[in-house]
Amino acid sequence: MSPRLRTFAGFGITALLLFAVAPLVLGDFRLGLLAKYLCFAIVAVGIGLAWGRGGMLALGQGVFFGLGGYAMAMHLKLADAGPGELPDFMTLYGQLDALPWWWAPFANPVFALLATVLLPMLVALLLGLLIFRRRVRGAYFAILSQALAAAFAILLIGQQGTTGGTNGLTDIQGFFGYDLNDPVNRRMIYFIIATALLLMLLAAWQLMRSRYGELLVAVRDAEERVRFLGYDPANVKLVAYVVAAGMAGLAGALFVPAVGIISPALIGVVPSIEFVIGVAVGGRASLAGPAIGAIAVAWAKTALSERVPSAWTYFEGLLFVLPIVFLPGGIASLVRLRRRRTAEAPAAPALEKVPS
Amino acid sequence: MIAGVGAAALTPYPRRGLPVSVIVSQLFTGVSIGAVLLLIALGLALTFGQMNVINMAHGEFIMAGAYTVYVLQQSISSAGASLLIALPVSFAVTGLMGVILEVLLIRRLYARPLDTLLVTWGVSLILQQAARDIFGAPNVQTSAPSFLTGSVQITDDIVIASSRLFILGLALAAVAALMIVLKTTSLGRRIRAVVQNRDLAAVSGLATGRVDRLTFFIGSGLAGIAGVALTLIGPIGPAMGTNIIVNAFLVVVVGGIGQLKGTVIVAFVLGILQSMVEYATTVSVASVIVFVAIVAFLQWRPQGLFTLRTRSLA
Chain A
6 MSPRLRTFAG
16 FGITALLLFA
26 VAPLVLGDFR
36 LGLLAKYLCF
46 AIVAVGIGLA
56 WGRGGMLALG
66 QGVFFGLGGY
76 AMAMHLKLAD
86 AGPGELPDFM
96 TLYGQLDALP
106 WWWAPFANPV
116 FALLATVLLP
126 MLVALLLGLL
136 IFRRRVRGAY
146 FAILSQALAA
156 AFAILLIGQQ
166 GTTGGTNGLT
176 DIQGFFGYDL
186 NDPVNRRMIY
196 FIIATALLLM
206 LLAAWQLMRS
216 RYGELLVAVR
226 DAEERVRFLG
236 YDPANVKLVA
246 YVVAAGMAGL
256 AGALFVPAVG
266 IISPALIGVV
276 PSIEFVIGVA
286 VGGRASLAGP
296 AIGAIAVAWA
306 KTALSERVPS
316 AWTYFEGLLF
326 VLPIVFLPGG
336 IASLVRLRRR
346 RTAEAPAAPA
356 LEKVPS
Chain B
390 MIAGVGAAAL
400 TPYPRRGLPV
410 SVIVSQLFTG
420 VSIGAVLLLI
430 ALGLALTFGQ
440 MNVINMAHGE
450 FIMAGAYTVY
460 VLQQSISSAG
470 ASLLIALPVS
480 FAVTGLMGVI
490 LEVLLIRRLY
500 ARPLDTLLVT
510 WGVSLILQQA
520 ARDIFGAPNV
530 QTSAPSFLTG
540 SVQITDDIVI
550 ASSRLFILGL
560 ALAAVAALMI
570 VLKTTSLGRR
580 IRAVVQNRDL
590 AAVSGLATGR
600 VDRLTFFIGS
610 GLAGIAGVAL
620 TLIGPIGPAM
630 GTNIIVNAFL
640 VVVVGGIGQL
650 KGTVIVAFVL
660 GILQSMVEYA
670 TTVSVASVIV
680 FVAIVAFLQW
690 RPQGLFTLRT
700 RSLA
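As you go down the protein sequences, you meet chains A and B in turn. Counted the way the working numbering counts, the first sequence spans residues 6 to 361. Counted the way the working numbering counts, the second sequence spans residues 390 to 703.
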């Protein structure tokens, strides 16, 4: 099979699994969990692009996930409350008598939906411009992105009256007129998320196989050489970072109706770095690896914490250690290894080489 | 964002009287936040700044240093004696943990700094859970020695806790000791040689691997000292490392790698900035403002305050 045909076959099989097999095999509860994992997978696709292909270890994707999630949750809370009413938590903690000005636009569904994706992209654009233009990179970039996650979580917790503080925005009942307590509607949410994941995978695939994708890998491997060739590496990185932020925002927005809550505990330093682990396990530089890894890790977390809660933390620790030390290419590199043994063609250019 | 070691852990100073005394008292608060930051970041300045290893488990080494005090107090009843004994013991305990980590994992990853970050994060998760299983999930308390429980009256309005002064002294002493080791001893010379040009150091006959391990021992040992200091101002818990590690890395990034003076200056500047902004706004807003200030600063000096001059393009 040609690589292109193989990718199409992969998309077909994924679609079959997501749209036919999973809804038939899984009960409502498990399907809801899978919807949550798929949201993490969407974040992972973006991280795969930024980190695996672009060499930018983004440790603050929780911020963009959170921006998307809060934008969606704010709209749903306002819709739940009804026109002119305040969301329940505001009267509870804040004793507010009017809606804060920055909440008001989110009552408009079109604005809220656009904001879930555009707001994270805008923040990523601003931060990326400032960071990449000054050639701050590598570990410096990773630490800054992590600090952003820390600052954002502290900010949300501190503004309890208007953001719900530590509890976040909870108890979301409806989704654009559909009652989220109805299992049928929850299935609909699952299908929306699965569609979104497929679309994001397609987008990532298009980006990876384009000239831009090659340029991105070139920047990852030899930034100065790309600069000497006349390109601006800052712009190349910026695109991947902003796209990854948009994907994280979309995932956050879809996470809210699927799970019914968004809170600082889901977006701070720890969850942000947890987004990365699935990507590393699955294969950071491959297309499907990050998504598969994210789903596998999230599934393992549920399965293990259900049985032995403390064992999960040890296992998660080992997940960070063992695959990265001994299998830097992740699960995807196992598949490729087997394929290379059988293939007669010379090795492809090192597009899927693992960056440091 | 320095709230974890800052305002939350501090007893608030009187916020009355003339603006001047407010400014002075906020300055003292800032210096004292800075001293804690400096102690935490000093070990990182060595392992991250000198060796370019991003050790996310540094926070858990600090935790291990703090628990060392707790364990010692189980057998030594005198709080003062146990604290003084804890300083060298913690240094050795966390230093050894660092060496084990270096030998088992980090050595394999010198060519992949970002992977080191993730791997050591995994180690930090394991260490945290181990602390939870050994000492229990709730925080534990140690008793502070009597000579550190009081406070020093400076003016009518300004009172400083003795423990804070002790930490300031400890931080400055640690910096001085580290400087002396780096500048005057043969070990320090070897460390600097390896940092500046690893290949040349190796062909000159230096056992660079051994120097790496010793450097890592000292850097991790300093985490133990920081852990001892932290027992004086807050509770000891399994998650105490996570809250402080991000800020400590920021201090090293903004200070510039390869030199200690940047770390020292930036720790105090960030501490003072944090306390001033917190006074003017709130803790949570201050964390964002400090982050923005750091990004703005990096526009001016993307490599940090001080940099080693190199001809490298990267």
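Backbone N, C-alpha and C define an ideal beta-carbon position, used for all residues, glycine too.
- Annotated three-state conformation of Gln66/A is helix, per DSSP.
- Contact of Pro333/A with chain B is assigned, a C-beta pair being separated by under 8 Å.
- Going by DSSP, Ile549/B is part of no alpha helix (DSSP H) but of the beta strand (DSSP E) stretching over 548-550.
- Taking 8 Å as the cut-off, the Cβ atoms of Thr604/B and Met440/B count as close.
- Between the alpha carbons of Ala208/A and Leu185/A lies a gap of roughly 29 Å.
- For Ser540/B, the uninterrupted beta strand (DSSP E) run begins and ends at 540-542, by DSSP.
- Here Ala301/A is near Val286/A, since their CB atoms are less than 8 Å apart.
- When the beta-carbon positions are compared, Met77/A and Ala46/A stay at least 8 Å from each other.
- Considering only Ser532/B, Asp546/B, Phe555/B, the residue with the shortest C-alpha distance to Pro624/B is Ser532/B.
- For Gly288/A, no pairing in a beta bridge is given by DSSP.
- Chain order gives the chain A residues near Arg521/B as Ser315, Thr318, where near means a beta carbon separation below 9 Å.
- Sequence-ordered contacts of the segment 249-270 of chain A with chain B are nonexistent [C-beta pairs closer than 8 Å].
- Its chain contains Val122, Pro125, Met126 as the residues whose beta carbon lies nearer than 7 Å to that of Gly251/A, once the 5 sequence neighbours on both sides are disregarded; these appear in chain order.
- By the Cβ-count criterion, Asn113/A is exposed, with fewer than 16 other Cβ atoms from all chains shown falling within 10 Å of its own Cβ.
- When the five nearest sequence neighbours on each side are left out, the beta carbons in the same chain lying within less than 7 Å of the beta carbon of Arg191/A are those of Asp33, Gly37, Leu185, in order along the chain.
- Counting other Cβ atoms within 10 Å of its Cβ, Ile278/A reaches 16 or more and is therefore classed as buried.
- Asp184/A sits in a strand when the DSSP states are folded into three classes.
- The shortest C-alpha to C-alpha distance from Gly645/B to any of Thr671/B, Ile683/B, Ile633/B, Met629/B is the one to Ile683/B.
- DSSP, read as helix, strand or coil, puts Gly59/A in coil.
- Annotation for Phe24/A: no alpha helix (DSSP H) segment contains it, and DSSP assigns it neither H nor E.
- Taking 8 Å as the upper bound on Cβ-Cβ separation, chain A lies near residues Leu494, Arg497, Leu498, Ala500, Arg501, Pro502, Leu503, Asp504, Leu506, Leu507, Val508, Trp510 of the segment 494-510 of chain B.
- When DSSP assignments are scanned along the segment 180-237 of chain A, the uninterrupted stretches of alpha helix (DSSP H) that are 4 or more residues long and fall wholly within it turn out to be 188-214, 216-226, 228-233.
- Around Ile443/B, the beta-carbon contacts reaching into chain A at under 7 Å are Ala144.
- Under DSSP, Val529/B forms a beta bridge with Ile625/B.
- Not flagged as an interface residue toward chain A: Pro527/B, since no C-beta distance is shorter than 8 Å.
- Check the Cα spacing between Asp237/A and each of Ala249/A, Leu221/A, Val247/A: the tightest is with Leu221/A.
- Within the segment 646-666 of chain B, not one residue has a Cβ closer than 8 Å to any Cβ of chain A.
- In this structure, the straight-line span from the alpha carbon of Ile607/B to that of Phe16/A is close to 52 Å.
- Taking a Cβ-Cβ threshold of 9 Å, none of the residues of chain A is close to Thr696/B; the smallest such distance is about 12 Å.
- Counting the other CB atoms within 10 Å of its CB gives Phe233/A a total below 16, which places it among the exposed residues.
- Contact check for Leu516/B against Val508/B fails: the beta carbons are separated by 8 Å or more.
- By the neighbour-count criterion, in which a residue is buried when 16 or more other Cβ atoms sit within 10 angstroms of its Cβ, Glu311/A is exposed.
- At least 8 Å separates the beta-carbon of Ile267/A from that of Gly57/A.
- For Ile515/B, a Cβ of chain A is located within less than 8 Å of the residue's own Cβ.
- Burial of Trp317/A is indicated by the presence of at least 16 other C-beta atoms within 10 angstroms of its C-beta.
- Burial of Val247/A is indicated by the presence of at least 16 other C-beta atoms within 10 angstroms of its C-beta.
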